[in-house]
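Undergrad: Could you have a look at this structure, given as structure tokens, before my questions?
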Amino acid sequence: MSERRVRVRFAPSPTGPLHIGGVRTALYNYLFARQNGGDLIFRIEDTDSTRFVPGAEEYIIESFQWLGIKFDEGVSFGGNHGPYRQSERRDIYRKYVRQLLDNGKAYIAFDTPEELDAKRAEIENFQYDARTRGLMRNSLSMSQDDVKALVDAGTPYVVRFLIEPGEDVHVDDMIRGDVCINSSILDDKVLYKSADDLPTYHLANIVDDHLMEVTHVIRGEEWLPSAPLHVLLYRAFGWADTMPRFAHLPLLLKPIGNGKLSKRDGDKLGFPVFPLEWHDPKSGETSSGYREKGYLPGAVCNFLALLGWNPGEGQSEIMSLEDMVRLFDLSKCSKNGAKFDYIKAAWFNHQYMISRDDSEWAPDFAALLEKQGIHSTPEKLTEVVRMMKLKVVEYTDAQGNKKKRNISFITDMWPLTRFFFVAPAQFDCEDKFIKKNWKETSASDMAALADRLEKVSDFSLAGLKAEIDPWVEETGMKPWNAWRVCLVGEGQGPDMYELAAFLGKEETVRRMHFAIQTLG
Ligand code: GLU
26 MSERRVRVRF APSPTGPLHI GGVRTALYNY LFARQNGGDL IFRIEDTDST
76 RFVPGAEEYI IESFQWLGIK FDEGVSFGGN HGPYRQSERR DIYRKYVRQL
126 LDNGKAYIAF DTPEELDAKR AEIENFQYDA RTRGLMRNSL SMSQDDVKAL
176 VDAGTPYVVR FLIEPGEDVH VDDMIRGDVC INSSILDDKV LYKSADDLPT
226 YHLANIVDDH LMEVTHVIRG EEWLPSAPLH VLLYRAFGWA DTMPRFAHLP
276 LLLKPIGNGK LSKRDGDKLG FPVFPLEWHD PKSGETSSGY REKGYLPGAV
326 CNFLALLGWN PGEGQSEIMS LEDMVRLFDL SKCSKNGAKF DYIKAAWFNH
376 QYMISRDDSE WAPDFAALLE KQGIHSTPEK LTEVVRMMKL KVVEYTDAQG
426 NKKKRNISFI TDMWPLTRFF FVAPAQFDCE DKFIKKNWKE TSASDMAALA
476 DRLEKVSDFS LAGLKAEIDP WVEETGMKPW NAWRVCLVGE GQGPDMYELA
526 AFLGKEETVR RMHFAIQTLG
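Those letters in the sequence shown? Residues 26 to 545, by the working numbering.
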């Protein structure tokens, strides 16, 4: 076979929001296309009109825009293998259905759903195949005239694939190696339905991969059972020479317990399973998204890439898309499912957040504060980020234990930085830090410190240090924790001089007098 240009595709069905597993599939296709100097196609597989969900296609496109995964051609991207939406390719499929019928590779069947149900009730483990097709109403069991009469009368029919039994069908999978299945276990799959004049997934998928010159089919493990059928279809069409190579990716598994990752796991443990927030048009239900939760697109791509593949010893886990294009190796993907470690996802996000310039946090931080009715300047916000970005927050793990982690989302900033913008309005006398550090002498110490601060001429970090350090030394006072109670209201926050400089003289002194009055 001559060297063909690498062409891969991501081919979602617009049946709802894109699941995070689908994002990983698209990402692997993207990495593979880029590293081979090939093309990535975006195809919409919408031949099942009963499962169509309005807005899903737009949602998927917006998700990839946000993630920075770029397509070369397809729906909304153009290209000369279109149309790329299967519902717009009816004429093409009709021709290929005809070809299979004419070559005796497929046949017409008239069995109604009721008739099929009746057969299922009659025959245990009924399957429409070599053993049973003779008992059914189809163009193999009926006369040509009868078939023609029914078709001409507009009787609904389907076209089924004629599967020859007793043949070992091999799928050469780039990840799983040789996967072999005997054709006797396959049923005569429906390829086309006259009722809506549309092919089913299997036919449309194979015809399109062929016409779009796809060289590699990289998709989720759930499609592995369809692969032998697809191999047989390529042969039936006479396209075995240009059949794409298959790679079926490992499943994404639940963070705890066994089985496939589901939306319910995310709801229970508080992580999204969709890239963007999704508003279901039917139920009105909203599902959370990585973007809205405060994940950075680079971090999402990075942690997803590592679910099923790793770059090997000695290579940092933190990788840009360019790094991954260089290092990715489809043949080194795991066969085994990958546990969805959402705590690790947060860790990746932390890494990506702190690797940014402090000022880059400002827009998201500003938006977070706006929700609390607080307005600040980018300069001030950048300052707060510099002081606070390496602090830790508490979280509850999957077993219900309280643990600490780094700031991983912009939303972590609000409880940690509230006091920069809102003065303590009351003090929790049961708070351990206040109990321990607000002593008999605290009120008078703070009054003295407030007096001294009033006289500071340069209320910057350096100025405060230069004037207050010697005064503290002189008085022998240890004002720090009580001062923290005054300005923060609890036992956290940055260096006290930094905080005072940020608040300014007036606010600093005001908070101190309020604490003295309230705590006494
Ligand atoms: N339309 C299928 C899906 O929704 C595509 C499967 C494939 O890649 O062959 O995932």
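All C-beta atoms in this analysis are idealised placements derived from N, C-alpha and C, irrespective of residue type, glycine included. Here the structure is a predicted model, which means the values were calculated and not measured.
Does the region 82–97 come close enough to the region 54–68 that 3 or more CB-CB pairs lie under 8 Å?
TA: Flag = yes, the region 54–68 and the region 82–97 touch.
Undergrad: What residues sit near the ligand GLU, counting only those whose C-beta is closer than 7 Å to one of its heavy atoms, in chain order?
TA: Listed by chain position, these are 36, 37, 38, 47, 70, 226, 230, 242, 244, 245, 248.
Undergrad: Residue ranges of each alpha helix (DSSP H) run of no fewer than 4 residues wholly in the region 158–216, ordered along the chain?
TA: Listed in chain order, the complete alpha helix (DSSP H) runs (minimum 4 residues) inside the region 158–216 are 169–177.
Undergrad: Per DSSP, which one or two residues make a beta bridge with residue 401?
TA: Against the sequence shown, residue 401 aligns to sequence position 376. Note: residue 401 sits in no beta bridge, so no partner.
Undergrad: Please name the residue, chosen from 299, 337, 453, 334, that lies closest to residue 322 on a Cα-to-Cα basis.
TA: Residue 322 sits at position 297 when you count from the first residue of the sequence shown. When only C-alpha atoms are compared, the closest one is 299.
Undergrad: Please classify residue 506: does DSSP put it in a helix, a strand, or coil?
TA: Along the sequence shown, one-based indexing puts residue 506 at 481. It is helical.
Undergrad: Counting only runs that start and end within the region 278–324, where is the alpha helix (DSSP H) found for 4 or more residues in a row?
TA: If we require 4 residues or more, the alpha helix (DSSP H) runs fully inside the region 278–324 come out as 288–294, 315–318.
Undergrad: Using C-beta distances below 7 Å, list every residue in its chain close to residue 514, excluding the 5 sequence neighbours before and after it, in chain order.
TA: Stepping through the sequence shown from its first residue, residue 514 is reached at position 489. So the qualifying residues of the chain are 444, 449, 452.
Undergrad: Taking the DSSP output, what are the residues bridged to residue 64?
TA: Position 39 of the sequence shown, counting from 1, holds the residue named residue 64. 32.
Undergrad: Could you say if the region 123–141 and the region 183–197 meet the contact criterion of at least three C-beta pairs nearer than 8 Å?
TA: Result yes; three or more Cβ-Cβ pairs closer than 8 Å.
Undergrad: Can at least three beta-carbon pairs, one atom from the region 69–81 and one from the region 271–289, be found at a separation below 8 Å?
TA: With the cut-off at 8 Å, the region 69–81 and the region 271–289 do not touch.
Undergrad: Quick one: residues in its chain with C-beta nearer than 6 Å to the C-beta of residue 32, no 5 flanking neighbours on either side, listed in chain order?
TA: In the sequence shown, counting from the first residue as 1, residue 32 sits at position 7. Cβ within range, chain order: 63, 64, 238, 239, 240.
Undergrad: Would you say residue 114 lies against chain C (beta-carbon separation less than 8 Å)?
TA: You won't find chain C in this structure, because it holds only one protein chain.
Undergrad: For the putative contact between residue 442 and residue 409, defined by C-beta atoms under 8 Å, what is the C-beta separation to the nearest angstrom?
TA: Residue numbering aside, residue 442 sits at position 417 when the sequence shown is read from its first letter. Residue numbering aside, residue 409 sits at position 384 when the sequence shown is read from its first letter. Right, their Cβ atoms sit about 5 Å apart.
Undergrad: Among residues of its own chain, excluding the 5 on either side of residue 71, which ones have a beta-carbon nearer than 7 Å to its beta-carbon?
TA: Counted from its first residue, the sequence shown places residue 71 at position 46. Excluding positions up to five away in sequence, the list reads 38, 39, 77, 110, 111, 112.
Undergrad: Does the separation of the CB atoms of residue 50 and residue 244 fall below 8 Å?
TA: Numbered from its first residue, the sequence shown carries residue 50 at position 25. Numbered from its first residue, the sequence shown carries residue 244 at position 219. In this structure, residue 244 lies closer than 8 Å to residue 50 by Cβ.
Undergrad: Consult DSSP for residue 241 and reduce its assignment to one of helix, strand or coil.
TA: Counting from 1 along the sequence shown, the entry for residue 241 is found at position 216. In this structure, residue 241 counts as strand in the three-state DSSP scheme.
Undergrad: Out of 423, 494, 276, 235, which has the shortest C-alpha to C-alpha gap to residue 363?
TA: As a first step, residue 363 is located in the sequence shown; it is residue number 338 there, counting from the start. When only C-alpha atoms are compared, the closest one is 276.
Undergrad: Residue 220 by DSSP, collapsed to three states: which one?
TA: The residue you call residue 220 lines up with position 195 of the sequence shown. It is coil, neither helix nor strand.
Undergrad: So what does DSSP say about residue 272, is it helix, strand or coil?
TA: Counting from one through the sequence shown, the residue named residue 272 turns up at place 247. It is a strand residue.
Undergrad: Considering residue 117, what are the terminal residues of the alpha helix (DSSP H) in which it resides?
TA: Locating residue 117 in the sequence shown gives position 92, where the first residue counts as 1. First-last of the alpha helix (DSSP H) with residue 117: 115–127.
Undergrad: Looking at the structure shown, is residue 98 part of a helix, part of a strand, or coil, going by DSSP?
TA: Here residue 98 corresponds to residue number 73 of the sequence shown, with the count starting at 1. Note: residue 98 maps to strand in three-state DSSP.
Undergrad: Which same chain residues end up closer than 6 Å to residue 218 when comparing Cβ atoms and leaving out the 5 residues on each side of it in sequence?
TA: Position 193 of the sequence shown holds residue 218. The residues are 183.
Undergrad: Please report the distance separating the alpha-carbon of residue 411 from that of residue 383.
TA: The residue you call residue 411 lines up with position 386 of the sequence shown. The residue you call residue 383 lines up with position 358 of the sequence shown. Taking the straight line joining both Cα atoms gives about 6 Å.
Undergrad: Is the region 111–126 in contact with the region 312–326, if contact means three or more CB pairs nearer than 8 Å?
TA: No, the region 111–126 is not in contact with the region 312–326.
Undergrad: On the criterion of 16 or more Cβ atoms from any shown chain inside 10 Å, does residue 178 qualify as buried, or is it exposed?
TA: Taking the sequence shown and counting its residues from 1, one reaches residue 178 at position 153. With fewer than 16 other Cβ atoms within 10 Å, it is exposed.
Undergrad: Determine the contact status of residue 438 and residue 470, defining contact as a CB-CB distance below 8 Å.
TA: Locating residue 438 in the sequence shown gives position 413, where the first residue counts as 1. Locating residue 470 in the sequence shown gives position 445, where the first residue counts as 1. Going by C-beta atoms, residue 438 is not nearer than 8 Å to residue 470.
Undergrad: Check whether the region 55–62 and the region 344–361 are in contact - that is, three or more C-beta pairs closer than 8 Å.
TA: These segments touch.
Undergrad: Residue 69 by DSSP, collapsed to three states: which one?
TA: As a working note, residue 69 is residue 44 in the sequence shown. DSSP places residue 69 in strand when its eight states are reduced to three.
Undergrad: Relative to the alpha-carbon of residue 291, which residue among 422, 404, 200, 395 has its alpha-carbon at the smallest distance?
TA: The sequence position of residue 291 within the sequence shown is 266, counting from 1. Ranking 422, 404, 200, 395 by Cα distance to residue 291 puts 422 first.
Undergrad: Applying the criterion that 16 or more other CB atoms from any shown protein chain within 10 Å of the CB defines a buried residue, is residue 281 buried or exposed?
TA: In the sequence shown, counting from the first residue as 1, residue 281 sits at position 256. Exposed: under 16 other Cβ atoms inside 10 Å.
Undergrad: Using three-state DSSP, classify residue 143 as helix, strand or coil.
TA: Position 118 of the sequence shown, counted from the start, is the residue given in the question as residue 143. Here residue 143 sits in helix by DSSP.
Undergrad: So what does DSSP say about residue 103, is it helix, strand or coil?
TA: Residue 103 sits at position 78 when you count from the first residue of the sequence shown. Note: residue 103 maps to strand in three-state DSSP.
Undergrad: For residue 227 versus residue 254, is the C-beta distance shorter than 8 Å?
TA: One-based indexing of the sequence shown puts residue 227 at position 202. One-based indexing of the sequence shown puts residue 254 at position 229. Their beta carbons are under 8 Å apart, which means residue 227 touches residue 254 by this criterion.
Undergrad: Under the DSSP definition of a beta bridge, which residues are partnered with residue 381?
TA: Locating residue 381 in the sequence shown gives position 356, counting from the first residue. Note: residue 381 sits in no beta bridge, so no partner.
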